[in-house]
Each structure stands twice: as structure tokens, then as C-alpha cells.
Amino acid sequence: MKNVIVVLCALVAFGSFPAFARATNAGEPSVYVDYEYGDLKEVIVGLPYGMSPSLEAKWFADALKVLPKDEADYARKTAGMLWTEMINPETGKSETQMLEEENQAFIGILQSLGVKVYRPTEITVDFIKEHYGADVLLNGFSQDFPRDNMAVIGSNVIEFNLRTPIRKVDISGFRNILSEKCSNSSVKWFSMPHTELLKPARADTPFLEGGDVIVLGKTVLVGNTLNPSVGSNEAGYQWLKNILGDQYKVKRVRLVESVLHLDCVLSVPRRGLAIICEEAFVDGLPEELKDWDLIRVRLKDVKRLAVNGVPVNSRNYILSYNRHNDNRYIQAELEKRGIRVHRVFFGTHNGQGGSLRCATQSLKRKVKMTKAHESQRK
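Numbering (this note's numbering), first residue to last: 1 to 378.
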């Protein structure tokens with residue numbers, strides 16, 4: 001099959017961002033993910049900038065259902081505030097400062113394990129006013145969780161149409177990185193149909209968010225929460241199934257209303273091993289996982305983002321913890337299985353509703369082929 005670049009982006013590269021040097025290596029794809037647990041080589045880590053949604057945002061009340069009560073109360077209290085202005089009374093630091101301290105600790109571990117880290121371009125209030133319009137600020141914006149704006153499936157880079165309004169402008173911060181990485185002729189870069197930023201979407205509008213997409217070779221799991229204001233929906237799942245065609249088996253995974261994304265209840269540290277919250281799956285475990293070794297987690301721990309870690313390779317796993325959950329249980333279970341666990345305090349990010357996987361977007365992941373993987377591909 002001939003390699004082509006398909007660029008069907010709803011948003012164009014803005015002239016205010018300087019261009020990166022173009023990648024010229026036409027050998028292996030410059031962007032590629034074959035398995036959730038493939039060896040991680042390149043990744044985007046989010047930025048600490050954002051603005052909380054206004055209480056006037058109609059979707060906000062439903063979205064808060066995925067947060068613990070204390071975090072939902074704090075979100076209401078800080079509604080409409082820039083994160084640089086949200087000062088923590090205990091630390092005296094802003095939300096932005098605390099987020100970046102956590103990012104730097106995380107990045108340090110990634111780099112120590114040989115992972116190349118990219119950061120998005122900062123988005124400002126003035127930039128949003130100029131390119132999207134001031135009314136969009138009602139929804140707020142956030143750059144801490146780059147996972148949801150897109151997914152890499154094989155050498156396909158797919159920009160998503162997000163249902164969560166606070167995340168809809170984040171993609172502008174990716175333009176430099178994607179322009180560089182997707183110039184390689186082996187990469188296909190395209191976008192879902194996008195909806196208006198302020199107009200309520202029709203019920204049949206396709207929505208996808210990267211936290212719901214987990215790639216396991218030629219099988220792609222797509223989470224669908226029952227929460228009507230966040231996450232991916234059935235139309236989004238169907239769109240992805242159609243666009244990927246016969247090359248991939250795309251499976252819908254329904255989740256209970258209190259769960260935001262699939263990666264909140266499922267993590268895959270290596271082949272045949274999953275960290276999972278079974279009670280979050282409306283229709284039971286996906287068939288692909290039923291014979292696996294399972295580390296089971298309770299739904300109450302899911303609320304504190306216990307499951308949302310990052311496998312770097314089959315031997316190393318990065319795990320978050322916070323003041324509510326030290327995550328020692330998952331750490332011990334992984335270590336029993338010969339996996340080295342790297343711990344990162346991520347309490348500020350957790351309070352925003354996400355964790356380590358949410359804070360990353362994998363650009364290069366590839367497993368070292370075994371006979372088991374070869375048979376799975378056939």
C-alpha cells in the first residue's frame with residue numbers, strides 16, 4: 001500500500017507559531033504506536049496552563065460527576081479562574097506552579113528511561129480571543145492533559161472531536177510538534193469532523209477522546225461512559241471503526257457514569273497483564289482480557305486515578321500517588337510480577353481529574369516482536 005499523508009484538519013496551523021524543522025527520515029514512521037505497552041520512545045507531556053470553566057457553562061454540572069466530592073467542590077469554588085491565580089493556601093503556590101513541579105518530576109523519570117519528551121506551545125487567553133473568540137472562555141481551557149485531543153493508531157495520527165468543551169482548544173498547542181512529526185511520508189494525519197465550539201451538538205454527533213482509546217495490536221478498545229457530558233460516544237466509536245476499516249478490530253466498551261475514560265479503569269503494563277476495575281464495565285470484561293492476569297482495583301480507588309499509569313516498557317511502569325491514595329497496593333502487585341515501579345506524586349493533576357496517562361500523548365511505541373505477538377497479528 002502506498003504511503004501517503006492525509007491532512008484533513010479542522011484547525012490549520014496558526015502563523016503566530018514558529019515552524020519546526022521538518023523530519024526527513026523516510027525509513028521507519030516518525031509517529032507509530034502498535035501496543036499500549038510497547039516500548040515508549042517519544043511522548044508529549046502537557047503544560048501547567050489553563051482556566052477553570054465558568055459556572056455558567058451548561059455542561060459543567062454533569063462533568064463534575066466524575067470527580068470525588070472534595071474535588072468537585074473545589075472546581076465550583078475556583079470556577080472561571082486562571083490557574084496562575086489559583087493559590088493553594090497550604091503551599092502558597094499557584095495551581096500552575098504545582099502542576100509544573102509534578103510534570104518535571106515525571107519528565108525526569110521518563111528521560112532517565114531513555115524517552116524523548118516534547119512539550120506543547122503555551123496557549124494564552126489573548127490567543128484564544130484572537131483565534132476562537134472571547135465567548136469560548138466560558139468553557140475554560142486546559143493544557144495539562146494532552147491525551148484526549150488525538151490518538152496514534154499504527155502510523156495514523158487522528159485528531160479527535162472532543163465532547164468535553166474545556167479541552168477543545170488544546171490542539172492548537174500541538175501544531176509545531178505535529179507539523180514536524182507528520183511530514184514523514186509514512187504518516188497519515190487527519191481529523192474527525194468538528195462541531196461548533198459553543199452550539200450544543202446533535203445526539204448523533206461523533207465524539208472521541210484519547211483517554212478512551214487503547215491500542216492492542218490490531219484490536220482497538222474504545223470506552224464509552226454513560227455520562228452525557230464527557231468522554232466518547234457510540235457515534236464516535238462507529239466513526240473510528242469505519243475510518244480504520246478492515247485493518248483493525250474496533251470494539252466498544254461501555255463504562256458506568258462515574259467513570260470518565262477507559263484509561264481510568266484499565267492499564268496494560270505488558271502483554272497478558274492488566275490493572276483493571278471490573279465493576280466499571282457495564283457489559284463485563286472485554287473478551288480480549290478474559291484470560292489475562294488481572295490486578296483488580298475498586299471503583300472508589302478509580303475516583304482517585306489509581307489505574308491511570310504509564311508503562312514505559314515491559315520492565316518499567318510509572319505510577320502516580322496522592323494524599324488520598326498511596327497506590328502501594330498496585331505497586332506491590334506489579335513488583336510481584338517483576339516490574340520496576342517508578343512513583344510520582346501527582347496530586348494536583350489528580351485534583352484536575354486526570355493522571356499520568358492523561359498527561360501524556362505517546363508518539364512512538366513499539367513492542368519487540370515475539371512469537372505470541374506474531375500469531376496475534378495474523
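Positions of the beta carbon are idealized from the N, C-alpha and C atoms, including for glycine.
List in chain order: all unbroken alpha helix (DSSP H) runs of 4+ residues lying wholly within the segment 48-124.
The qualifying runs are 60-63, 69-77 and 95-112.
By Cβ distance, which residues of its chain are closer than 6 Å to proline 146, with the 5 residues on each side in sequence left out?
Numbered from 1 along the sequence shown, position 146 holds the residue referred to as residue 146. Closer than 6 Å at Cβ, skipping near neighbours: Ile44, Gly46 and Gln361.
When DSSP labels each residue in this structure, what does tryptophan 292 get in the three-state scheme?
Your numbering for residue 292 matches position 292 in the sequence shown. Tryptophan 292: coil per DSSP, three-state reduction.
Integer Cβ distance of glutamate 71 from tryptophan 83, believed to fall under 8 Å
Sequence index remark: in the sequence shown, residue 71 carries index 71 (1-based). Sequence index remark: in the sequence shown, residue 83 carries index 83 (1-based). The beta-carbon distance between glutamate 71 and tryptophan 83, rounded to whole angstroms, is 15 Å. This is too long to meet the 8 Å contact definition.
Segment contact flag, the segment 235-245 with the segment 266-278, C-beta cutoff 8 Å, min 3 pairs
With a cut-off of 8 Å, the segment 266-278 and the segment 235-245 do not count as touching, because too few Cβ pairs lie within range.
Assess, as a yes-or-no matter, whether the segment 143-163 is touched by the segment 174-190 under the definition of 3 or more beta carbon pairs within less than 8 Å.
Taking one beta carbon from each stretch, the segment 174-190 and the segment 143-163 have 3 or more pairs nearer than 8 Å; the two touch.
Counting along the chain, where does the beta strand (DSSP E) carrying glutamine 388 start and finish?
Only positions 1 to 378 of the chain appear in the structure, and residue 388 is not among them; the question remains open.
State the CB to CB distance for the pair arginine 323 and glycine 347, rounded to an integer number of angstroms; the pair is presumed to be in contact (CB under 8 Å).
Walking along the sequence shown from the start, residue 323 turns up at place 323. Walking along the sequence shown from the start, residue 347 turns up at place 347. So it is a contact: roughly 6 Å between Cβ atoms.
Going by beta-carbon coordinates alone, are glycine 38 and arginine 365 separated by less than 8 Å?
Residue mapping note: residue 38 aligns to position 38 of the sequence shown, counting from 1. Residue mapping note: residue 365 aligns to position 365 of the sequence shown, counting from 1. Yes; because the gap between Cβ atoms is below 8 Å, this pair is in contact.
Assuming asparagine 156 is part of the beta strand (DSSP E), what are its boundary residues?
Walking along the sequence shown from the start, residue 156 turns up at place 156. From DSSP, the beta strand (DSSP E) with asparagine 156 extends over 156-159.
Rounded C-alpha distance that separates leucine 255 from proline 206:
Taking the first residue of the sequence shown as 1, we reach residue 255 at position 255. Taking the first residue of the sequence shown as 1, we reach residue 206 at position 206. So the two alpha carbons sit approximately 17 Å from each other.
In the DSSP assignment, what are the bridge partners of glycine 217?
Residue mapping note: residue 217 aligns to position 217 of the sequence shown, counting from 1. Paired residue(s): none; glycine 217 is not in a bridge.
Do the CB positions of leucine 305 and serine 320 come within less than 8 Å of each other?
Numbered from its first residue, the sequence shown carries residue 305 at position 305. Numbered from its first residue, the sequence shown carries residue 320 at position 320. Contact flag set, yes.
Do you know whose CA, among Ala280, Glu28 and Gly245, lies nearest valine 297's CA?
For the purposes of this step, residue 297 is taken as residue 297 along the sequence shown, with counting starting at 1. Per the Cα distances, Ala280.
Does DSSP put tyrosine 248 in a helix, in a strand, or in coil?
Translated into positions along the sequence shown, residue 248 becomes position 248. Look at tyrosine 248 here: in three-state DSSP terms it is coil, with no helix or strand label.
Nearest to glycine 173 by alpha carbon, out of His342, Gln143 and Asp204?
By one-based count along the sequence shown, residue 173 stands at place 173. Ranking His342, Gln143 and Asp204 by CA distance to the CA of glycine 173 puts Gln143 first.
Do you know whose CA, among Met98, Asn103 and Lys168, lies nearest histidine 131's CA?
Mapped onto the sequence shown, residue 131 falls at position 131. Looking from the CA of histidine 131, the closest CA among Met98, Asn103 and Lys168 belongs to Lys168.
Quick check on aspartate 148 - is its C-beta less than 8 Å from some C-beta in chain D?
The question asks about chain D, but that chain is absent: this structure has only one protein chain.
Along the chain, where does the beta strand (DSSP E) that runs through histidine 349 open and close?
As a working mapping, residue 349 is identified with position 349 in the sequence shown. Where histidine 349 is concerned, there is no enclosing beta strand (DSSP E), although the alpha helix (DSSP H) it sits in stretches over 347-351.
Sequence-distant residues of the same chain with beta carbon closer than 6 Å to leucine 379, five excluded per side
The requested residue 379 does not occur in the structure, where the chain is confined to residues 1 to 378.
Report yes or no: do the segment 45-65 and the segment 218-234 share at least 3 C-beta pairs separated by less than 8 Å?
Yes: the two stretches touch, three or more of their Cβ pairs being nearer than 8 Å.
Got a sec, what are the start and stop residues for the beta strand (DSSP E) lysine 300 sits in?
Indexing the sequence shown from 1 puts residue 300 at position 300. For lysine 300, no beta strand (DSSP E) encloses it; the enclosing alpha helix (DSSP H) starts and ends at 299-302.
Per DSSP, what kind of secondary structure is arginine 147 in: helix, strand or coil?
Start at 1 with the first residue of the sequence shown, and residue 147 comes out as number 147. Three-state DSSP puts arginine 147 in a helix.
Which residue from Lys77, Gly133 and Leu285 puts its Cα closest to that of leucine 198?
Your numbering for residue 198 matches position 198 in the sequence shown. Nearest to leucine 198 by alpha-carbon distance, out of Lys77, Gly133 and Leu285, is Gly133.
What's the C-alpha gap between aspartate 246 and lysine 218?
Walking along the sequence shown from the start, residue 246 turns up at place 246. Walking along the sequence shown from the start, residue 218 turns up at place 218. Taking the straight line joining both Cα atoms gives about 10 Å.
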